[in-house]
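Take a look at the structure below.
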Amino acid sequence: MQFVIEWVTNIILFLLFAIVIDFLLPSGTMQKYVKMAIGLMLLLVMLRPVLQLTSIDPEQLVASAIARFSDGQTSDETIKNQIEQKKKEIQASQRAYILEQMAVQLENDVNEELMEKYGLKADVNIYADDKESWRMPDDIERIEVVLSKQQPAGTVEPVIIDTTKPPASLEGDASLAEEVRTFLAGKWEVDKNKIAVQIRGRE
């Protein structure tokens, strides 16, 4: 009879303990896991007489169950982290491809006119904010444009070395770069301050 009284007392005390824990826990995913563990422990308390008859240690069963639960939770977290990492890699690859295609499109939009006006060809690189959602062109941080002098097809100019001729004016290049930058900003409808222009191969 004493054994039954202790058994019922343990169940009542455990239920009171579970109710207190339930009130103290904040709502969320963790509460679900704690309730699962408490339910398992309550089941073991209720089955304690049967387990004692079969010489099974309830504490060992509880420890084993908690260990398996923890391993499963860790495995879930690892899988989630791997999925998140893969998602970021795919997004980065997609962004790089999109920016590359945008750069090609910008080049195609202006190169013909640049050749006619200045005899220059543009190589474009685009850099954008590194975040999940984009709003173009607002999220473009910088457009780098490298201008190079081009020779008409089939034309070969003689090489003339004139030591009396002064070197090309850096001020002239700066003025041309600013003029081209203004032209590109209007053509692409982008803030001029986001465009950086560099000129190569000038005489």
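Be aware that the sequence shown starts at 902, since it is given in my numbering, and climbs by one per residue.
By construction, the Cβ of each residue, glycine as well, lies at the ideal position given by its N, Cα and C atoms.
{"Item": "In this structure, what does DSSP give as the bridge partners for Y998?", "Value": "None; Y998 has no bridge partner."}
{"Item": "Assess, as a yes-or-no matter, whether the segment 980 to 993 is touched by the segment 1040 to 1052 under the definition of 3 or more beta carbon pairs within less than 8 Å.", "Value": "no"}
{"Item": "Relative to the alpha-carbon of D1010, which residue among K1050, E978, W1089 and K989 has its alpha-carbon at the smallest distance?", "Value": "W1089"}
{"Item": "Assuming V1081 and L1048 form a contact by the criterion Cβ under 8 Å, report the distance between their Cβ atoms to the nearest whole angstrom.", "Value": "6 Å"}
{"Item": "Please report the distance separating the alpha-carbon of R1101 from that of S994.", "Value": "30 Å"}
{"Item": "My output table needs one value for V909: the three-state DSSP class, helix, strand or coil.", "Value": "helix"}
{"Item": "Over what stretch of residues does the beta strand (DSSP E) that includes Q1051 continue unbroken?", "Value": "Counting along the chain, Q1051 falls outside any beta strand (DSSP E), and DSSP gives it neither H nor E."}
{"Item": "From the DSSP secondary-structure annotation, give me the bridge partner or partners of A1097.", "Value": "E1045"}
{"Item": "Taking the DSSP output, what are the residues bridged to V1025?", "Value": "V1046"}
{"Item": "Assuming A1004 contacts I980 (C-beta within less than 8 Å), just tell me the rounded distance between them.", "Value": "Not really, about 37 Å apart at Cβ, beyond 8 Å."}
{"Item": "Classify L917 as buried or exposed, calling it buried when 16 or more other Cβ atoms lie within 10 Å of its own Cβ.", "Value": "exposed"}
{"Item": "Taking C-alpha atoms, which residue in A1029, D1030, D1031 and D1074 lies nearest to K1050?", "Value": "D1074"}
{"Item": "Under the assumption that M947 contacts I912 (Cβ atoms under 8 Å), give the Cβ distance between them as a whole number of angstroms.", "Value": "6 Å"}
{"Item": "Which value, in whole angstroms, describes the spacing of the CA atoms of A1029 and E978?", "Value": "31 Å"}
{"Item": "Just mark A997 as buried or exposed, buried being the case when its beta carbon has 16 or more other beta carbons within 10 Å.", "Value": "exposed"}
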